[in-house]
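To start, the structure itself, in structure tokens.
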Amino acid sequence: MQRRTRKQRDPPVGQREESPDTLNRGSLRKKNTFRFQARRRWSRLSCFAGVVAVVMLSSCFIIFKDHGGNNNISQYLRSETTTKPKVYIHIGAPKTGTTSIQETLAMDKLVLKHDKFFLALHGQILKREDRYIVDNMLVACDRLGACVWSDEQRQRLAAYGSGVEAKCPEYLLPSFNEFLSKAIAANSSVVISNEWLIRPSSETGLLSILKGWDPIIVIYYRRFFDWLISAHYQWHYNINMSIVESFNGKVRLVDFIRRICAKLFSPNAVIDPHPLDDSEHLGFVNLVDVPEYTYQAWERYKAVPEYDRNNIKVVNFHDGDVVQSMYCEVLHAKHACKLETERVAKGVVKTRPKNSTAYMDLAMGVYWNERDLILNMDGVERGENITRDTF
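Under my numbering, the first residue of the sequence shown carries the number 228, and numbering increases by one thereafter.
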């Protein structure tokens with residue numbers, strides 16, 4: 228085979244026939260050049276963005292630097308991106324199973340601690356060695372209402388002579404703030420159950436001691452005429468002989484209705500189930516003159532813009548067990564809900580028996596008609612509380 232010379236092997240460039248491999252290598256070279264230029268442009272943009280970010284963060288630290296010289300930007304950003312801790316405020320209404328709910332909450336406090344709840348309950352007065360926080364529960368907090376009421380409300384209660392201590396104890400608010408801090412540290416929600424928070428002005432006063440919390444108002448509803456009889460029955464246990472004397476014996480059910488539904492007995496009252504305006508026509512829900520019924524409390528709380536209307540929950544007293552509805556429907560406490568559901572299924576939960584208010588009316592009538600005779604029987608003295616046992 229004759230060997231070709233270099234000149235014969237490599238024709239001039241203009242006369243070369245480019246092979247497919249040669250073409251591919253050229254195309255790949257162009258692509259690599261484009262990629263290199265794109266990376267260089269991206270690097271420049273990244274550097275510019277980094278510089279802008281540093282400038283912006285430095286500005287933020289200056290803007291959000293507090294007066295004490297501590298940078299709280301992280302706290303600010305965290306507050307904007309995370310939800311507020313929840314506080315469930317159960318305010319009654321009276322005669323809707325509030326005491327049963329409070330006693331069961333206290334009994335199940337460790338189960339509720341497992342469900343991430345801290346408790347501040349009316350009626351839990353025992354403390355340990357001057358400590359007002361026991362496990363996950365704030366005790367001796369019955370007078371929390373007095374810490375949030377307006378001066379006008381305090382004066383009204385004092386003038387009424389209800390025997391309620393309308394002064395906030397010195398220990399209570401510091402203990403309450405410590406209690407809230409412990410709940411936050413434990414990543415837990417808080418449950419407050421106190422019927423005194425149904426009094427007017429509580430709805431605004433609570434906001435001052437719950438800053439940074441998401442309040443959920445819980446009000447139980449009992450049908451009016453059923454509630455009326457139960458409230459009258461309870462009223463007999465709260466009054467003493469001096470009140471009976473001042474009322475001239477008018478403490479029967481009809482007398483009680485006249486007192487708390489005075490507008491109903493007004494000569495100008497016109498009952499309209501669906502009033503179209505704010506005239507003198509009374510709707511059924513406006514018959515009560517006292518502020519403790521469910522509708523009146525709901526109206527006051529929903530009128531405060533800081534309360535989200537979706538966070539004002541009205542629970543039906545007549546729809547099953549009241550504790551079960553609190554655990555399962557309001558708090559969504561998994562373990563406590565399971566526990567109470569099992570108790571209800573086993574029939575462990577029992578309601579307290581109620582005697583008819585008619586017996587009380589009869590006893591009061593007998594007393595007033597034969598007062599002198601009855602007061603001389605069995606050593607009963609004037610001034611003693613009148614109950615069924617007296618007769």
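From the three backbone atoms N, C-alpha and C, an ideal C-beta is built for every residue, glycine too.
Straight across, the Cα-Cα distance linking Y359 with N404 is about 11 Å. Taking 8 Å as the cut-off, the Cβ atoms of P312 and S416 count as close. If you look at P442, you'll find it in the beta strand (DSSP E) that goes D441 to Y448. According to DSSP, residue pairing for M364 in a beta bridge involves L346 and V361. Counted as a single uninterrupted DSSP element, the beta strand (DSSP E) harbouring N543 occupies residues I539 to N543. Going by beta carbons, G372 and L332 fall outside the 8 Å limit.
Nearest to G432 by alpha-carbon distance, out of D378, L346, H459 and N513, is D378.
Shortest Cα-Cα distance from R370 to any of N467, E567, I352 and N363 involves I352.
Fewer than three Cβ pairs drawn from the region 452 to 469 and the region 552 to 570 lie within less than 8 Å of each other, which leaves the two stretches out of contact. Between the region 537 to 550 and the region 431 to 446, the count of C-beta pairs closer than 8 Å reaches three or more; the two stretches touch. Using a 10 angstroms sphere on the CB of D516, the tally of other CB atoms stays under 16, which defines it as exposed.
For S493, the secondary structure class from DSSP, reduced to helix, strand or coil, is coil.
A direct Cα-to-Cα measurement between R426 and E519 gives close to 7 Å.
Residue S428 holds the alpha-carbon nearest to the alpha-carbon of A524 among H349, F344, S428 and A347. Between the alpha carbons of P442 and Y460 lies a gap of roughly 33 Å.
Nearest Cα to K343 within the set D335, K438 and G350: D335. Residue range K336 to H341 is occupied by the alpha helix (DSSP H) that includes H341.
Within a 10 Å sphere around the beta-carbon of V481 sit fewer than 16 other beta-carbons, which makes this residue exposed.
Here DSSP, grouped into helix, strand and coil, assigns V478 to coil.
Apart from the 5 residues on each side of it in sequence, A410 sits with its Cβ closer than 6 Å to the Cβ of F345 and V417 in its chain, given in chain order. Counting C-beta atoms within 10 angstroms of its own C-beta, H317 has 16 or more neighbours from the protein chains shown and is therefore classed as buried. Leaving aside the five residues that flank A393 on each side, the residues in its chain whose CB is nearer than 6 Å to its CB run, in chain order, A373, R381, L384 and A385.
Under the three-pair Cβ rule at 8 Å, the region 565 to 575 does not count as touching the region 470 to 478. Within the same chain, Cβ atoms closer than 7 Å to the Cβ of V531 are found at E430 and T431, the five residues on either side in sequence being excluded. Taking a C-beta distance under 8 Å as the contact criterion, V314 and W440 qualify as a contact pair.
Here F483 is buried. Its C-beta has 16 or more other C-beta atoms within 10 Å. For S428, the secondary structure class from DSSP, reduced to helix, strand or coil, is coil.
Per DSSP, V417 is not a residue of any alpha helix (DSSP H); the beta strand (DSSP E) it occupies stretches across S416 to S420.
Counting the other Cβ atoms within 10 Å of the Cβ of K573 gives fewer than 16, which makes it exposed. S457 and K322 do touch by the CB rule: their CB atoms are close to 4 Å apart, below 8 Å. In the DSSP assignment, I411 falls within the alpha helix (DSSP H) that extends over L399 to A412.
Within the model, the alpha-carbon separation for D548 versus F406 is close to 29 Å. In the DSSP assignment, I470 falls within the alpha helix (DSSP H) that extends over M468 to S473. T325 sits close to E422, with the two beta carbons spaced by under 8 Å.
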